[in-house]
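Worksheet: one structure, shown below.
Numbering (the working numbering), first residue to last: 1429 to 1995.
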C-alpha cells in the first residue's frame, strides 16, 4: 500500500485560504483526471467539504507524489503553490488511513462528532467510481472509512459530543437561548437547495419555525424542497421564491440560512443594510410585516432608536446602496452609534453622524468607510467571537447563518446594528471552546481498531498474488513431472495414472501449506510487506506472473465488497 493524502483543512489553514482554495464540481473532475495522468498516481479521489480539501492517491513514489499532488491542488484551486504550501499537510500509508478514519468518525470535524461528513465521504467515493479514478485501494479505504464512521455513531455517544453545523450554527445565533424557544414562530429564508440547505430547512421546521421561503438558482429544486417541508408533518408553511426576490424577502424574515455553490457573494452588506433599514423604519417585527408585499422606500422613515439626523445619514446610505454606490459601506452606518469619547484619527466625516448632513462629498464618505473599517480591525484584535456575541439574541433583528465555502454572505454585515452573522469562521472559533464528550476516547479506540484491520487486510492482499503465483508454478511442475512419468511408464492405466498424479499433488500441497499460511500471517503484521519479496526471491517467481495475477484479482468483481456506489 502506498496511500498518500495531501490536503488542507480548518485545522491547518485560515478560512480565507479555504475559501479561495475551494473546488467547484468541474474543478474536482479535472483535478482527478490530471492526477491519474500524472506519473506517480495510479488511482485517486478528492474529498472537498466546507472545512477541508484533501486529495487521496495511490502513488508509486512518496516524494514525487507529494510534489505532484501539491502542485495539482494549487493549479486547480487557483491559489499559488508558494502560498498554499504552508497550510498543506501530508499523510502516508497507515497515517493516511488513520487520518481518513478519524475524519469519518467526526474527530477531525469543526464540530466534533457531526455526522454529515459520512455523506461527504460517500460522495467522494462515488465521484471516484463515476470517473473510474478509484481503484481497489481507494474503494477499500473509503468503504471501510464509512463502516468506521457508522460504528462510531452506533457504538458510542459521539453524537452527544457534537452536532451538525446547522444545529451548532443555530445555537450560536440563539446566544444561550434554547434553539426551539428562539426559533418558534419565526420566518426564515433558506438560500440553496442542496444537501446542507435541505438539512438546514428540515432542522428549522423541526425546531418550530413558522414559515420557510426557499430560494435556489434552479426553481424546480426549490419547489421540491418546499413540498417536502410542507409534507414533513411539522406544520411549517413553506414556499419557493425566485432568486430575484431574495432582496425583498429579506425585509420579511427573521433569519437567513445560506449554503450555495456560488463563487461570489449571494448577499452583500448593502442588501442586508437596505432590508434592516426598512424593517426598522416600518417599526414592525418581520412576522408582522405584510405578506409578500413590496417593501416601501426606506429613505423617508426614521429607524427605531435613531433621531432624525442619524436617520437621514442612514437613509442616504441606503439610497446609495440601491444605486450600487460604494459609499454605502456598512462601516459608515456603524459609526452612527460610535462612542462620544472615541478619537476620530483623521476621519473626514467625524464621529458624529450628523456632520454627514452638510457638504460631505462621496469621496469623503468613502474615506470615512475606510476609517471605520480600520477602527473595526483594531477592535477585532480581541477574539472575533467576543465581538460577534456581545449582543443578546433578543436584540437581533436579522440573524444570518452562512454555511457556504466560499462564503455566501458578506462578512461586513456583522457591523450593521441589529444584524447577527454566524459563518464558518465564527463556528470554528466557537467550536474550539465546545466541551468534548467522554465518548471521544471510545471513538479513538474504534479508529485504532479499524486502522489495524485495514492495514492487515491490505498487507495480506499484497502477498496473495505471490502465493497464487507460487501455487501456479507448483501445479506446472506437477504437470510436467506427470507428463514425464507417462513417457517412462506408458503402460499405466487411467486409474493408476490418476492415483500417481493425485499423490504428487498432495505432496506438493502439504509442502507448501505451512509456509504459505505462515507467510500470510507474517505479511499481515506491521512491517510484513517484505515477505512477498522474499517469497518471490526464494522461489524465483517471475514478477510478470505475479503482476498478472494482481491485475486479474483486481479486475474480478467478485473480489469487491461493493462494486457499485457506497451505501
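Backbone N, C-alpha and C define an ideal beta-carbon position, used for all residues, glycine too.
Within its own chain, the residues whose Cβ lies closer than 6 angstroms to the Cβ of residue 1660, once the five positions on either side in sequence are excluded, are 1633, listed in chain order.
DSSP lists 1433 as the bridge partner or partners of residue 1519.
Here DSSP, grouped into helix, strand and coil, assigns residue 1634 to helix. Between residue 1600 and residue 1854, the C-beta gap is smaller than 8 angstroms, which places the two residues in contact.
Within the same chain, 1607 and 1631 come within 8 angstroms of residue 1595 by CB-CB distance, once the 5 residues on both sides are set aside.
Taking residue 1879 as the centre and dropping the five residues before and after it, the same chain places the C-beta of 1522, 1525, 1526 and 1529 closer than 7 angstroms to its C-beta, in chain order. By a beta-carbon distance limit of 8 angstroms, residue 1506 does not contact residue 1546. Their separation comes to about 29 angstroms. Straight through space, the alpha carbons of residue 1900 and residue 1489 are spaced by roughly 30 angstroms. The beta carbon of residue 1898 is closer than 8 angstroms to those of 1940, 1944, 1963, 1967 and 1969 in its chain, skipping five residues each way along the sequence.
In this structure residue 1452 is exposed. Its beta-carbon is surrounded by fewer than 16 other beta-carbon atoms within 10 angstroms.
DSSP places residue 1970 in the coil class of the three-state scheme, outside both helix and strand. In terms of Cα proximity to residue 1504, the closest of 1482, 1491 and 1911 is 1482. In the structure shown, residue 1677 falls within a helical segment according to DSSP collapsed to helix, strand and coil.
When only Cα atoms are considered, residue 1543 and residue 1613 end up about 28 angstroms apart. Between residue 1583 and the set 1890, 1875, 1851 and 1692, the nearest pair of CA atoms involves 1875.
With respect to the 8 angstroms criterion, residue 1836 and residue 1619 are classified as neighbours on the basis of their beta carbons.
Between the alpha carbons of residue 1563 and residue 1474 lies a distance of about 13 angstroms. The three-state secondary structure of residue 1580, taken from DSSP, is helix. Counting the other CB atoms within 10 Å of its CB gives residue 1907 a total below 16, which places it among the exposed residues. Contact check for residue 1895 against residue 1947 passes: the beta carbons are separated by less than 8 angstroms.
Within the DSSP secondary-structure output, residue 1683 pairs in a beta bridge with 1616 and 1827. Secondary structure note for residue 1480: its beta strand (DSSP E) is the uninterrupted segment 1480–1487. As computed with DSSP, residue 1844 is found in no beta bridge at all.
Excluding sequence positions up to five before and after residue 1960, its CB lies within less than 7 angstroms of the CB of 1890, 1891, 1894 and 1951, all in the same chain and listed in chain order. Per DSSP, the beta-bridge partners of residue 1667 are 1641.
Here DSSP, grouped into helix, strand and coil, assigns residue 1851 to strand. DSSP places residue 1471 outside any alpha helix (DSSP H); the residue lies instead in the beta strand (DSSP E), whose first and last residues are 1469–1476.
If only uninterrupted beta strand (DSSP E) runs of at least 3 residues are considered, those enclosed by the segment 1497–1570 are 1517–1520.
Residue 1938 sits exposed, since fewer than 16 C-beta atoms from the chains shown fall within 10 Å of its C-beta. A residue is called buried when at least 16 other Cβ atoms come within 10 angstroms of its Cβ; residue 1702 meets this threshold and is buried. Assigned with DSSP and collapsed to three states, residue 1695 falls in strand. Looking at the backbone, the Cα of residue 1642 and that of residue 1830 are separated by about 15 angstroms. The C-beta distance from residue 1446 to residue 1493 rounds to 23 angstroms, too long to meet the 8 angstroms contact threshold.
Only buried fits residue 1548, as 16 or more other CB atoms lie within 10 angstroms of its CB. About 21 angstroms separates the Cβ atoms of residue 1644 and residue 1638, ruling out a contact at the 8 angstroms cut-off.
If you draw a 10 Å sphere on the C-beta of residue 1680, you find 16 or more other C-beta atoms in it, and that means buried.
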